Amino acid sequence: MDKFAWFREAKFGLMVHWGLYSLPAGEWKGERMAYIGEWIQSRFRIPNAEYHALARAFNPMLFNAEEWVSLAQDAGMRYIVFTAKHHEGFAMYRSRASRFNIVDATPFGRDVVEELANACARKGMKLGLYYSQDLDWSEPNGGGYTRGHTNHGPHDDECMAWTNDWDFPENDKKDYSQCFESKIVPQVKEILTQYGELCLIWFDTPTTLSPAQSQTLVDMVRAYQPNCLINSRIGNGLGDYRSLGDNQIPEEYLSGGLFETPATLNDTWGYKSFDNNWKDARRVLELKRHLNERGINYLLNVGPDYLGRIPAPAAQILRSVGRA
Numbered sequence: 330m331d332k333f334a335w336f337r338e339a340k341f342g343l344m345v346h347w348g349l350y351s352l353p354a355g356e357w358k359g360e361r362m363a364y365i366g367e368w369i370q371s372r373f374r375i376p377n378a379e380y381h382a383l384a385r386a387f388n389p390m391l392f393n394a395e396e397w398v399s400l401a402q403d404a405g406m407r408y409i410v411f412t413a414k415h416h417e418g419f420a421m422y423r424s425r426a427s428r429f430n431i432v433d434a435t436p437f438g439r440d441v442v443e444e445l446a447n448a449c450a451r452k453g454m455k456l457g458l459y460y461s462q463d464l465d466w467s468e469p470n471g472g473g474y475t476r477g478h479t480n481h482g483p484h485d486d487e488c489m490a491w492t493n494d495w496d497f498p499e500n501d502k503k504d505y506s507q508c509f510e511s512k513i514v515p516q517v518k519e520i521l522t523q524y525g526e527l528c529l530i531w532f533d534t535p536t537t538l539s540p541a542q543s544q545t546l547v548d549m550v551r552a553y554q555p556n557c558l559i560n561s562r563i564g565n566g567l568g569d570y571r572s573l574g575d576n577q578i579p580e581e582y583l584s585g586g587l588f589e590t591p592a593t594l595n596d597t598w599g600y601k602s603f604d605n606n607w608k609d610a611r612r613v614l615e616l617k618r619h620l621n622e623r624g625i626n627y628l629l630n631v632g633p634d635y636l637g638r639i640p641a642p643a644a645q646i647l648r649s650v651g652r653a
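When we follow the working numbering, the leftmost residue of the sequence shown carries the number 330, and every step to the right adds one.
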């Protein structure tokens, strides 16, 4: 089977957003955020000195990679995409390029990506890794500084900065190439070379990368993982398949390529303790059928909590989907 055929046949995958943002779980200093939980640092403009201190309390002792993979299989999913590093800049594996990672900065001290890769290999599940290659709020020269603020929040006061302009306010002096060379390139090499065969790399939010920088990352994937797919959010028109918009459900039938819709099971990607707006199993099956009929894979997300548990309602829904 070639590297494109498996994706075309997979139809259904599990996305997992997990990072330090699961600890505040959508709340900061007595205030709840209305938007997606993994953006909490930007929403409340939390200084790195405070946000990074969360790592000292991050000890998800109930994390069990085998249980995650078994749940995905029970749901009929064919691949898993896990956040190796999100916009907060915290690596969920041991990174030599930055000590801001789950092994070196937390009492947990375990490499989550390694454990998940091993569990996937044992159970015959394909693994892909998400990596935020542009936005990195832990870095003075992280990307996004050409975009200003998002309009994602439902209220004017919830519009959030793409870049960290609360710790590093001088956007006109930022140089993403410094972040790219010192952190992004080394970390992409790490995830490509340390965890066995990957089915895909899921890049995101290409706001600052030059065509040459996107091509550099593509060339790295081709060199280290020739059978690994790259999604279109690598930027600059590159990639092997098209990631549609978040929760985008097209009516038209797509052809001439590979397509995937990343979608939430409730209203957030990263864990929010008070988001209980779950889609039921019937709705999940309706969406899966609708997308698959149009040639689109359904990549359905869960956000584990700060102890490493996939929320019970999410697990129950996925198992019901698998039994249907």
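Cβ coordinates follow ideal geometry from the N, Cα and C atoms, glycine included. All of these numbers come straight from a predicted model, not from anything done at the bench.
Quiz prompt | Uninterrupted beta strand (DSSP E) stretches inside the region 435-480 (no shorter than 3 residues) | solution = 455-460
Quiz item: Below 7 Å between beta carbons: does that hold for Ala404 and Gly651?
Solution: yes
Quiz prompt | Coil, strand or helix - Ser572 by DSSP | solution = strand
Practice problem: With a threshold of 16 other CB atoms inside 10 Å of the CB of Gly438, please say whether the residue is buried or exposed. | Solution: exposed
Self-check item: Same chain, Cβ closer than 7 Å to Leu391, neighbours up to 5 away in sequence not counted
Solution: Leu636, Gly637, Arg638
Quiz item: Exposed or buried, which one is Asp533 when buried takes at least 16 other CB atoms within 10 Å?
Solution: buried
Quiz item: Hey, how far is the Cα of Glu338 from the Cα of Asn377?
Solution: 42 Å
Self-check item: For Pro515, the nearest candidate out of Asn493, Arg428, Ile578, Leu583 (CA to CA)
Solution: Arg428
Quiz prompt | Close-in-space but distant-in-sequence residues of the same chain around Ala401 (CB under 6 Å, 5 per side omitted) | solution = Leu343, Ile409
Practice problem: In the DSSP assignment, find the unbroken beta strand (DSSP E) run with Met344 in it and report its ends. | Solution: 341-345
Quiz item: So what does DSSP say about Leu400, is it helix, strand or coil?
Solution: helix
Self-check item: For Val613, the three-state DSSP class (helix, strand or coil)
Solution: helix
Quiz prompt | Any chain C beta carbon closer than 7 Å to Pro540 | solution = Absence of chain C from the displayed structure is noted, only one protein chain being present.
Quiz prompt | Extent of the continuous beta strand (DSSP E) to which Asn595 belongs | solution = First-last for Asn595: undefined, no H or E at that position.
Quiz item: Taking the alpha helix (DSSP H) that Val550 falls in, what are its first and last residues?
Solution: 540-553
Self-check item: Cα-Cα separation, Arg451 to Met549
Solution: 26 Å
Quiz prompt | Same chain, Cβ closer than 7 Å to Tyr459, neighbours up to 5 away in sequence not counted | solution = Val410, Phe411, Thr412, Ala413, Trp531, Asp533
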